[in-house]
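Read the structure below first, then the notes.
Number of protein chains: 2
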Amino acid sequence: MNDAAPTPLTARRVAEDILRNAILVGELKPGQRLTERSLCELAGVGRTTVREAVRQLESEGLISTVPHRGPVVAVLSEGEARDLYELRAMLEGQAGRLCVLRGDARHAAALHAAVDQMEHARQAGSMLGILEANGAFYAALNAGARNEALRQAMLGVQNRLAFFRFTSTRWPGRAERSVAELRAIAAAVVARDAAAAEAACIRHIEASAELALLVLAERARGAAMVRGGRRNAMERGLIP
Amino acid sequence: MNDAAPTPLTARRVAEDILRNAILVGELKPGQRLTERSLCELAGVGRTTVREAVRQLESEGLISTVPHRGPVVAVLSEGEARDLYELRAMLEGQAGRLCVLRGDARHAAALHAAVDQMEHARQAGSMLGILEANGAFYAALNAGARNEALRQAMLGVQNRLAFFRFTSTRWPGRAERSVAELRAIAAAVVARDAAAAEAACIRHIEASAELALLVLAERARGAAMVRGGRRNAMERGLIP
DNA sequence: CGCACCCCAATTGTCTGTCAATCATGTTGA
DNA sequence: TCAACATGATTGACAGACAATTGGGGTGCG
Chain A
1 MNDAAPTPLT ARRVAEDILR NAILVGELKP GQRLTERSLC ELAGVGRTTV REAVRQLESE
61 GLISTVPHRG PVVAVLSEGE ARDLYELRAM LEGQAGRLCV LRGDARHAAA LHAAVDQMEH
121 ARQAGSMLGI LEANGAFYAA LNAGARNEAL RQAMLGVQNR LAFFRFTSTR WPGRAERSVA
181 ELRAIAAAVV ARDAAAAEAA CIRHIEASAE LALLVLAERA RGAAMVRGGR RNAMERGLIP
Chain B
1001 MNDAAPTPLT ARRVAEDILR NAILVGELKP GQRLTERSLC ELAGVGRTTV REAVRQLESE
1061 GLISTVPHRG PVVAVLSEGE ARDLYELRAM LEGQAGRLCV LRGDARHAAA LHAAVDQMEH
1121 ARQAGSMLGI LEANGAFYAA LNAGARNEAL RQAMLGVQNR LAFFRFTSTR WPGRAERSVA
1181 ELRAIAAAVV ARDAAAAEAA CIRHIEASAE LALLVLAERA RGAAMVRGGR RNAMERGLIP
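Protein sequences, first through last, are from chains A and B.
Under this note's numbering, the first sequence has 210 at position 210, and the numbering climbs by one with no breaks.
Each position in the second sequence, counted from 1, maps to that position plus 1000 in this note's numbering.
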């Protein structure tokens, strides 16, 4: 039942992955300017290929390009972040609802397993484990919802908000509450209560959004304090 | 308050628009194979530029590329169409809800104006007018909903389903019912009944989906009858 | 000292040409 | 009849080149 690796592994795809990871991990920071040449070195491919990869990441919302100025790692304004979290809440709420309506006991079990896995990782202090369990949870949710378009939309939004995943997960007490919120979702799915599942999903995302916007505001304050100095230098791509 | 035309009008953008229009209008038919050279001629640009434009349309879901085989105008399976319509119903339902929660009287008035415009175009038998009014309606809805991410998501889904817009609008009696459905949405927004607006949006999309899937099934039957003859030829890009 | 203007380096946008890798087709041979 | 092979077409990818544009630095003037 596994996907029979439809990956002809073209160089462009490799470059995309390298650049995407560099952004998601934070190696390339929001606002940082990217020259094509530096990306060529980073990805180890020619300029043509890099430009195509950049186009892809641009469409994913990870990069924004100003004509004749080149690509820049996308930086979310507070308004954009708010919009994206709102959209994410809608999408995941619907996913939760559909998971109840269309999923079976196996999906419910997978949800519970993912939550347990996350609780385990949390107690072990493994942030990577937490993120992995989070991925498993959403995989199970989407498997139950049985809507590929919805899944891809959720993935896209999550990627654009990936910037917050690390800081949010580290926030004191956040992981614990997050586990509780996911457990509530799983419980609603087990109970086959669609409305409750939808509401639980929305609550989870709203809690995430609240924290993320707080973090964003804090960063903005911090950035404002050094504005005029480092900020200009960073936007010019002079700070690694 | 108008957007100060942020269009540096690069050749790539022009090529994108040409190809996108060719697909949306149906000049390039679903399943048709596209060689890079033919696209170069069609768009009037070099191969490098065409490849970037194709990458963009690929991310919009209008083109699907098989490595080492080249781009193909995306063809929706019944399952994919169903998923997309379901997603669209969710998104537009939420847009309707938000339009009630956040919109003001001006948005409600714009919705009504768009419906009247559509009714006018329908009586005049102007399909182009109908589509234009439809665009105005969604512009008003999204203006009221005040969520740019949601708007873009809706636009993306609508584009992927653009194939059905023409055939659906032509369907006997469909335009009339469509006007009635949109009027119901506008009425709910005027009445400030969020739940009713959401439900009306969902009903509208579900009606569209029902017809589209019917059209799709009919086309599939028709295509099956000539399979082995024209179909292979078309997939090979030999039929214009 | 401040401001407007101009010139220049850096970078992007785009084209052309080239070459290997791969797929699809047609042909040959058992 | 079917399998293996040869062949042509097309994509994937690169390097190089050139015009267009941007941003910055320097200059001159008030």
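Yeah, the Cβ is synthetic: ideal placement off N, Cα and C, and Gly gets one too.
Residues near residue 154 of chain A by beta carbon distance below 6 Å, same chain, minus five either side: 91
Under 8 Å by beta carbon: chain B residues contacting residue 64 of chain A: Here the premise fails: no neighbours, minimum Cβ distance about 12 Å.
8 Å CB neighbourhood of residue 1082 of chain B in its chain, flanking five on each side removed: 1209 and 1213
DSSP-derived helix/strand/coil call for residue 247 of chain A: Any property of residue 247 of chain A remains undetermined from this structure, which presents chain A solely from 1 to 240.
Expected contact under 8 Å - CB spacing of residue 16 of chain A and residue 96 of chain A to nearest Å: The Cβ separation is near 30 Å, so there is no contact.
Positions along the segment 180-198 of chain A whose CB lies within less than 8 Å of some CB in chain B: none
Per DSSP, cross-strand counterpart(s) of residue 1071 of chain B: B:1065
Cβ-based contacts, 7 Å cut-off: residues of the segment 131-153 of chain A near chain B: 147, 148, 149, 150 and 153
Through-space distance from residue 1028 of chain B to residue 1022 of chain B, alpha-carbon basis: 6 Å
Helix, strand or coil at residue 77 of chain A according to DSSP, with G and I counted as helix: coil
Residue 178 of chain A: first and last residue of the uninterrupted alpha helix (DSSP H) it sits in: 174-190
Any C-beta of chain B under 9 Å from that of residue 45 of chain A: no
Residue 87 of chain A at chain B interface by Cβ criterion, 9 Å: yes
Beta-carbon neighbours of residue 1010 of chain B, restricted to chain A and to distances below 7 Å: 67
Neighbour list for residue 1094 of chain B in chain A, Cβ cutoff strictly below 7 Å: 90
Buried or exposed (CB count within 10 angstroms, at least 16 for buried), residue 1066 of chain B: exposed
Contact set between residue 1051 of chain B and chain A, taken where Cβ atoms lie within less than 7 Å: 52
Beta-carbon separation (whole angstroms), residue 52 of chain A vs residue 1055 of chain B, contact threshold 8 Å: 5 Å
Min CB distance residue 158 of chain A to chain B below 9 Å: no
Alpha-carbon spacing of residue 1117 of chain B relative to residue 1130 of chain B, whole angstroms: 8 Å
Short CB-CB distance (under 9 Å) between residue 60 of chain A and chain B: yes
Closest residue to residue 1084 of chain B among B:1163, B:1048 and B:1114 (Cα-Cα distance): B:1163
9 Å Cβ cutoff, residue 169 of chain A in contact with chain B: no
Status (buried if at least 16 other CB within 10 Å, exposed otherwise) for residue 1108 of chain B: buried
From B:1215, B:1044 and B:1089, residue whose alpha carbon lies closest to that of residue 1171 of chain B: B:1215
Terminal residues of the alpha helix (DSSP H) in which residue 59 of chain A lies: 47-59
Endpoints, the alpha helix (DSSP H) within which residue 1146 of chain B is located: First-last for residue 1146 of chain B: undefined, no H or E at that position.
Residue 168 of chain A: first and last residue of the uninterrupted alpha helix (DSSP H) it sits in: 162-170
Under the three-state DSSP convention, the category residue 193 of chain A falls into: coil
Span separating the alpha-carbon of residue 1034 of chain B from that of residue 1073 of chain B: 7 Å
Closer than 9 Å to chain B by CB, residue 35 of chain A: no
Buried or exposed (CB count within 10 angstroms, at least 16 for buried), residue 1227 of chain B: Confidence in residue 1227 of chain B is poor, its pLDDT being 47 and thus under 50, which makes the residue's placement too unreliable to answer from.
Buried or exposed (CB count within 10 angstroms, at least 16 for buried), residue 1156 of chain B: buried
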